[in-house]
Amino acid sequence: MRKPDGKIVLLGDMNVGKTSLLQRYMERRFPDTVSTVGGAFYLKQWRSYNISIWDTAGREQFHGLGSMYCRGAAAVILTYDVNHAQSLLELEDRFLGLTDTASADCLFAIVGNKVDLSEEGPGDGGQDGGHGPGPAGVGAAPRLPKQVQPEDAVALYKKILKYKMLDEKDVPAAEQMCFETSAKTGHNVDLLFETLFDMVVPVILRQRAQGPPQTVDIAPCGPPARTRSGCCA
Amino acid sequence: MDGFIRSRSRPAAAMMSTKAFTLVPAVEREQLMGDRERVSLECVECCGRNLYLGTSDCFVYHFLLEEKTLPTGTATFTATRQLHRHLGFKKAVNELRAASALSRLLVLCDGCISLVHMLSLEPVPSGARIKGAAAFALNENPVSGDPFCVEVCIISVKRRTIQVFLVYEDRVQIVREVSTPEQPLAVAVDGHFLCLALSTQYIILNYSTGASQDLFPYCSEEKRPIVKRIGRQEFLLAGPGGLGMFATVAGISQRAPVHWSENVIGAAVCFPYVIALDDEFITVHSMLDQQQKQTLPFKEGHILQDFEGRVIVATNKGVYILVPRPLEEQVQGLLASHRVEEALVLAKGARRNIPKEKFQVMYRRVLQQAGFIQFAQLQFLEAKELFRSGQLDVRELISLYPFLLPTSSSFTRSHPPLHEYADLNQLTQGDQEKVTRCKRFLMSYLNEVRSTEMANGYKEDVDTALLKLYAEADHDSLLDLLVTENFCLLTDSAAWLEKHKKYFALGLLYHYNKQDAAAVQLWVNIVNGDVQDATRSDLYEYVVDFLTYSLDPDLVWTYADWVLQKSQEVGVQVFTKRPLDDQQGSFNPDDIITCLKKYPRALVKYLEHLVMDRRLQREEYHTHLAMLYLDEVLQQKPGANATGAAVTETRAKLRHLLQKSDSYRVHFLLDRIRGAGLPMESAILHGKLEQHEDALRILVHELADFPAAEDYCLWRSEGRDPPYRQRLFHLLLALYLGPGPSSTELTVAAVDLLNRHAAEFDAAQVLQLLPGSWSVQLLCPFLTGAVRDSIHARRTTQVAVGLAKSENLIYKYDKMKLKGSSVRLSDKKLCQLCQTPFSEPAFVRFPNGGLVHTHCAASRHTNPRSPSPGART
Ligand SMILES: Nc1nc2c(ncn2[C@@H]2O[C@H](COP(=O)(O)OP(=O)(O)OP(=O)(O)O)[C@@H](O)[C@H]2O)c(=O)[nH]1
Ligand SMILES: [Mg+2]
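Going down the list, the sequences are from chains A and B. The letter at position 18 of the first sequence is residue 17 when you use numbering that gives the first Met the number 0, and the numbering goes up by one with no holes. The letter at position 257 of the second sequence is residue 256 when you use numbering that gives the first Met the number 0, and the numbering goes up by one with no holes.
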């Protein structure tokens, strides 16, 4: 097995389409998925680098694993469902805290998925998009007005910067890092991943230059925002 | 390559074709506790052949395990009971660990770890022990480096405390105590790193620095934690939702989790498998792809542990061993379900367990099989790599393609077969596009392989197959193959080439096999249009070239007429371009000339070759060639008198020959030319006969070509002495000034001649000839030259006279000197060569004064070994 040079982690509520996005990109298809258990990863060769992309489980039950998956990550993709406002709120409430363990110069992308389902979306319309529980499974017919606007994602991005105490000037612009995608039609999926790969390469190089990662990092740079939840809550 | 490794859960049922393990009983309950119903087995340790069991009634049992392999390939175990010992408490034995380097068994019972001897089970006399331990773990990656101690890490009965000890043969020493944020419940160690299950989360704790790192939360009230070291710096942990989570000492996960059931009790690792135990099943997952591979029903299990690769499960009453299925079988199972990567990893993993030679044979075969699987999926790059690393006998691959192996090939496929395919058609199910791709692959593969040692021993099979593929695909490399060193088998290849109408190539094949006659016949047939093959548009020239360099004269003669009929000019090259040393024997010029009688243009070329290139001086060739030129000139003359490039060209050749050659019969030609209106040629011929006046008269009077006349003089006087040349020039001048109607042209010519060639004339004579009316001005250059020449001549002559006189004086002096002294012969004077006295008055005296007999002097010149008399004195 090849050793990855860098890590990208997909985070987001269950059913927003993380697994579907990854499969669309890696396998060029949109198969039926089952809700992810635990996590899974792909290894992607980008130029001369091996990048591991972790698909995490959105289910509450596995929430506790997130911090470990994010440890040392070079980029985090925060995924929500554009037709499901709550999924965006969850990113801030539940998932942002998990990224404290990520690399100090970790990149953040915010991705609104399933644009094919909403009225303004570029999708092919008609077909059933989601299934299973949650308001995201809107079923076959009428297209709904999009519940989350791109501006909302941009606002979240800026909040993240504040949370991380980063200066907007030092990081990619919000417009560059907020995407609206459809795993179903493939809309913006390649753009999302490949933009990120290109941005991650310099991060990898910087990490390398700094030598092997500090094994123990007891003082994460962000404020302690652990949300302890899960079975023991 | 844009490759990726997939690592995610798929429905388990589809994946369970492997049988990685079989469950074999090792110790049965009768052996252990007989009929003591309420007693149960609490813990197990296995170290080499030693198996230790601890019971709830405070006994430790020692067994020796013996492994036997049944003819079916499966292993069985018999455990022979050795000593057993009661530890003297009323408590259960909680844990057992052997430290074989110390011959000690560490026994945890009643909160105390005591050291007992591995065989006698007697406590060490010193009574050394670790008190206050709730649980313990051995460090399998110890930091101390001391082989006579083991590192033991205990969960202390003190709250939130971990202690690290060094345990020696008969003493223990605490080295560290660390406190933890919460109460630890389970521990594993690797180097300085402790992996701990606390009450609400797993953490990594560096006991040397005290730094800790959270891994993930879990709920100890709901289930028992599992912390298991699986290899260098990596642990396996029971996570939420029945996950088996992997974590490194750096606190990251490098493998995706495996998905167990919710109530897993124990986990073990037997690379590449992770084994888990719950109340009903033993499940086997692969660490490589996280898939579940096998499920074994197993009720009431409560211990699952691995010991140096041996996996043991136990119920309260009995001990079982999970025996890996024979590797071969597992690998074959994986291959059968086309799981190449897994099969390879598994096979490779066996490197440590089986002898090197056996491993190599096995592994090579797996590589080859894997190669065929990839091949069948048209993953050619991967297949190639596997074939190469597996050192596949290429014929295995070739034999998949119908008809490619030569009929004579002794090859039979290996048994058991490396793949399931009869042939390519079956493999591709007749999909022609796929067939083509497979063929293209084989072409490139064979081409790469043929020059390597992989082809050794069956180069014929490889090259013949390659030839067939090339021929079939109309590939350019077919010709390259045939004109370079190759091992194509004649009969097989010939039939195939014929079938595919590759006649030109077939010719090359014949040629390569020293059957030039067949080759040429075939090519001639192509040129003649009897068979069709457009490989070479210049095949005729090719054949000519081929014959030119052919070493077989019969072949050349056989096809001489054919090549000449096609083109005299090109055809004749088989004679003219032939390497010279080759022209001597079977290619006698006379024979060739006879042969060429019917082909006049070819004949001209050939004679030119003899005369100009080879400079043969045979009169016949020269005369013949001149005659042929002449014939042509005469033939062409009436039609296009003065014009026509061809006329001038042949004439130019004719003149050139007449001028340069001295070998033709001049009179004969002169007769032929007479009256034919070829004045220039006549002039040349007259010149050859030294009939300079005739020649020059033609040039001056008939042709009025004054430069030619001058050239004539130069030409004819080449290599002659100056008077001869002078004579010619005077002759010419005389013609210019001669009687008859003197034209201005002739006068001008005469002036020019004199001025230009002043040196060639005897000025005194010339002056006599010149008309008195000519001005000095007119002849100025001539006169100046003449005067200077004459003065120069006088002076050089004077110098010569002076030199000759002085030379003469020198000789005179020498002569005087030699005459000056006399030689006296007496009995005492001996000949310098034979050392005998002189008996006659005649003798020879060398310039250095030495005297010898006349006969000795004579023999000295014939006998080089006699010493030179000059050297002796
Ligand atoms: N119409 C539509 N449906 C989508 C899209 N992406 C995902 N889905 C559907 O949404 C459902 C959930 O997708 P997943 O990819 O499994 O979601 P997830 O984020 O991986 O969920 P968890 O693994 O539980 O965290 C599936 O039924 C998908 O088919 C999309 O872009 N458009
Ligand atoms: Mg998922």
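Where is the CB? At the ideal position from N, CA and C, for every residue including glycine. Treat the numbers as computed from the prediction; the structure is a model and nothing was measured.
### Query
Mind listing which residues of the stretch 176-208 of chain A have their C-beta closer than 8 Å to chain B's C-betas, in chain order?
Taking 8 Å as the upper bound on Cβ-Cβ separation, chain B lies near no residue of the stretch 176-208 of chain A.
### Query
With respect to 7 Å, is the separation between the Cβ of S34/A and the closest non-hydrogen atom of ligand 2 below this value?
Counting from 1 along the first sequence, the entry for residue 34/A is found at position 35. Judged by the Cβ position, S34/A qualifies as a neighbour of ligand 2 at the 7 Å threshold, a heavy atom of the ligand being closer than this.
### Partners in chain A for G238/B, counting only beta-carbon separations shorter than 9 Å
For this step, residue 238/B is matched to residue 239 along the second sequence. Near G238/B (Cβ distances below 9 Å), the residues of chain A are G37, F61, G63, L64.
#### Entry: K89/B, DSSP secondary structure in three states
For the purposes of this step, residue 89/B is identified with residue 90 of the second sequence, where counting begins at 1. Coil at K89/B, not helix or strand.
### Message
Could you pull the DSSP bridge partners for L303/B from this structure?
### Response
In the second sequence, the residue the question calls residue 303/B occupies position 304. Partner(s): V312/B.
### Message
Is D54/A near ligand 2 - that is, is its Cβ less than 7 Å away from at least one heavy atom of it?
### Response
In the first sequence, the residue the question calls residue 54/A occupies position 55. Correct: D54/A has its Cβ closer than 7 Å to ligand 2.
### Query
Of all Cβ atoms in chain A, is any one closer than 8 Å to the Cβ of A12/B?
In the second sequence, residue 12/B corresponds to position 13, counting from 1. Low per-residue confidence applies at A12/B: pLDDT is 36, beneath 50, and the placement is therefore not dependable enough to give any value.
### Task
Verify the contact flag: T180/A, CB atom, against every heavy atom of ligand 2, threshold strictly below 7 Å.
Taking the first residue of the first sequence as position 1, residue 180/A is located at position 181. No, Cβ of T180/A sits at least 7 Å from all heavy atoms of ligand 2.
### Query
Excluding five sequence neighbours on each side, which residues of the same chain lie with their C-beta closer than 7 Å to the C-beta of R170/B?
Stepping through the second sequence from its first residue, residue 170/B is reached at position 171. Cβ contact annotation for R170/B (same chain, cutoff 7 Å, sequence separation greater than five): S125, A127, in chain order.
### Query
Shorter than 8 Å from the beta carbon of Y68/A to some beta carbon of chain B?
Sequence index remark: in the first sequence, residue 68/A carries index 69 (1-based). Output row for Y68/A: interface = yes.
#### Entry: Sub-8 Å separation of R80/B and Y51/B beta-carbons
The residue labelled residue 80/B in the question sits at position 81 within the second sequence. The residue labelled residue 51/B in the question sits at position 52 within the second sequence. Taking a C-beta distance under 8 Å as the contact criterion, R80/B and Y51/B do not qualify as a contact pair.
#### Entry: For E44/B: DSSP bridge partner residues
Taking the second sequence and counting its residues from 1, one reaches residue 44/B at position 45. BP columns for E44/B point to Y51/B.
#### Entry: Three-state class that DSSP yields for G370/B in the structure shown
Within the second sequence, the letter at position 371 stands for residue 370/B. Three-state DSSP puts G370/B in a helix.
### Query
Does any CB atom of chain C fall closer than 8 Å to the CB of G57/A?
As a matter of chain content, chain C is missing from the structure shown, whose protein chains are A and B.
### Collapsed DSSP secondary structure at P863/B in the structure displayed
Within the second sequence, the letter at position 864 stands for residue 863/B. Low confidence applies to P863/B: its pLDDT is 48, below 50, so where it sits in the model is not reliable, and the reading given next is rough at best. In the displayed model, P863/B falls within coil according to three-state DSSP, outside both helix and strand.
### Task
Identify the continuous beta strand (DSSP E) that holds G111/A and give its terminal residues.
As a first step, residue 111/A must be located in the first sequence, where it is residue number 112. Note, G111/A: beta strand (DSSP E), 106-112.
### Minimum Cβ-Cβ distance from L214/B to chain A less than 8 Å
Start at 1 with the first residue of the second sequence, and residue 214/B comes out as number 215. The beta carbon of L214/B falls within 8 Å of a beta carbon belonging to chain A, placing the residue at that interface.
#### Entry: Secondary structure of T21/B, DSSP reduced to three states
Start at 1 with the first residue of the second sequence, and residue 21/B comes out as number 22. Looking at T21/B - three-state DSSP - the assignment turns out to be strand.
### Message
Counting only Cβ pairs nearer than 7 Å, list the residues of chain A close to I251/B.
### Response
Reading the second sequence from its first residue, position 252 is the one you call residue 251/B. Under the 7 Å cutoff, chain A gives M67, R70, G71.
### Message
For the stretch 331-343 of chain B against the stretch 308-320 of chain B, do three or more pairs of beta-carbon atoms, one drawn from each stretch, fall closer than 8 Å, so that the two count as touching?
### Response
As far as the Cβ criterion goes, the stretch 331-343 of chain B does not touch the stretch 308-320 of chain B, which means the pair count is below three.
### Query
A246/B touches chain A at which residues, Cβ-Cβ below 9 Å?
Numbered from 1 along the second sequence, position 247 holds the residue referred to as residue 246/B. Within chain A, the residues near A246/B are M67.
### Query
Which residues, in chain order, does the stretch 257-284 of chain B contribute to contact with chain A at a C-beta distance below 7 Å?
Within the stretch 257-284 of chain B, the residues whose Cβ lies closer than 7 Å to any Cβ of chain A are, in chain order, H258.
### Task
Could you tell me whether the Cβ of L488/B comes closer than 8 Å to any Cβ of chain A?
Reading the second sequence from its first residue, position 489 is the one you call residue 488/B. Any Cβ of chain A closer than 8 Å to the Cβ of L488/B would place that residue at the interface, and such an atom is absent.
### Task
Given a cut-off of 8 Å, decide if P401/B and A873/B are closer than it, judged by their beta-carbon atoms.
No answer is possible for residue 873/B: it lies beyond the span of chain B, which begins at 0 and ends at 872.
### Query
Would you say L287/B and E233/B are within 8 Å of each other, going by their C-beta atoms?
Residue numbering aside, residue 287/B sits at position 288 when the second sequence is read from its first letter. Residue numbering aside, residue 233/B sits at position 234 when the second sequence is read from its first letter. Not closer than 8 Å, so no.
### Message
According to DSSP, simplified to helix, strand and coil, what is P588/B?
### Response
Start at 1 with the first residue of the second sequence, and residue 588/B comes out as number 589. If DSSP states are grouped into helix, strand and coil, P588/B belongs with the helices.
### Cβ of L22/B within 8 Å of any chain A Cβ
Here the question's residue 22/B lines up with position 23 in the second sequence. So no, L22/B is outside the interface.
### Message
Using 8 Å for Cβ pairs, my map puts C269/B next to V330/B. What's the rounded Cβ distance?
### Response
As a position in the second sequence, residue 269/B is number 270, starting the count at 1. As a position in the second sequence, residue 330/B is number 331, starting the count at 1. About 15 Å; that fails the 8 Å criterion.
#### Entry: Secondary structure, alpha helix (DSSP H): runs of 4+ residues fully inside the stretch 343-429 of chain B
You should have 355-375, 379-388, 393-397, 423-427.
### Task
Run down chain A in chain order and give the residues with a C-beta less than 9 Å from the C-beta of L507/B.
Numbered from 1 along the second sequence, position 508 holds the residue referred to as residue 507/B. In chain order: nothing, as chain A lies at least about 46 Å away.
### Query
Given that L63/B touches chain A, what residues does it touch there, using C-beta distances under 7 Å?
As a first step, residue 63/B is located in the second sequence; it is residue number 64 there, counting from the start. Per Cβ cutoff of 7 Å: no residues; L63/B is ~39 Å from chain A at best.
### Query
By Cβ distance, which residues of its chain are closer than 6 Å to F192/A, with the 5 residues on each side in sequence left out?
Mapped onto the first sequence, residue 192/A falls at position 193. Closer than 6 Å at Cβ, skipping near neighbours: Y24.
#### Entry: Rounded separation between D189/B and P141/B - CA only
Against the second sequence, residue 189/B aligns to sequence position 190. Against the second sequence, residue 141/B aligns to sequence position 142. Whole-angstrom Cα-Cα distance: 7 Å.
### Query
Under a CB-based cut-off of 8 Å, is L184/B close to chain A?
Stepping through the second sequence from its first residue, residue 184/B is reached at position 185. Not flagged as an interface residue toward chain A: L184/B, since no C-beta distance is shorter than 8 Å.
### Message
Please return the same chain residues whose Cβ sits closer than 6 Å to the Cβ of F58/B, not counting the five positions on each side in sequence.
### Response
Counting from 1 along the second sequence, the entry for residue 58/B is found at position 59. H83, H85.
### Message
Considering only the alpha carbon of each residue, which of D462/B, S178/B, T294/B lies closest to D491/B?
### Response
For the purposes of this step, residue 491/B is identified with residue 492 of the second sequence, where counting begins at 1. When each option's Cα is compared against that of D491/B, the closest is D462/B.
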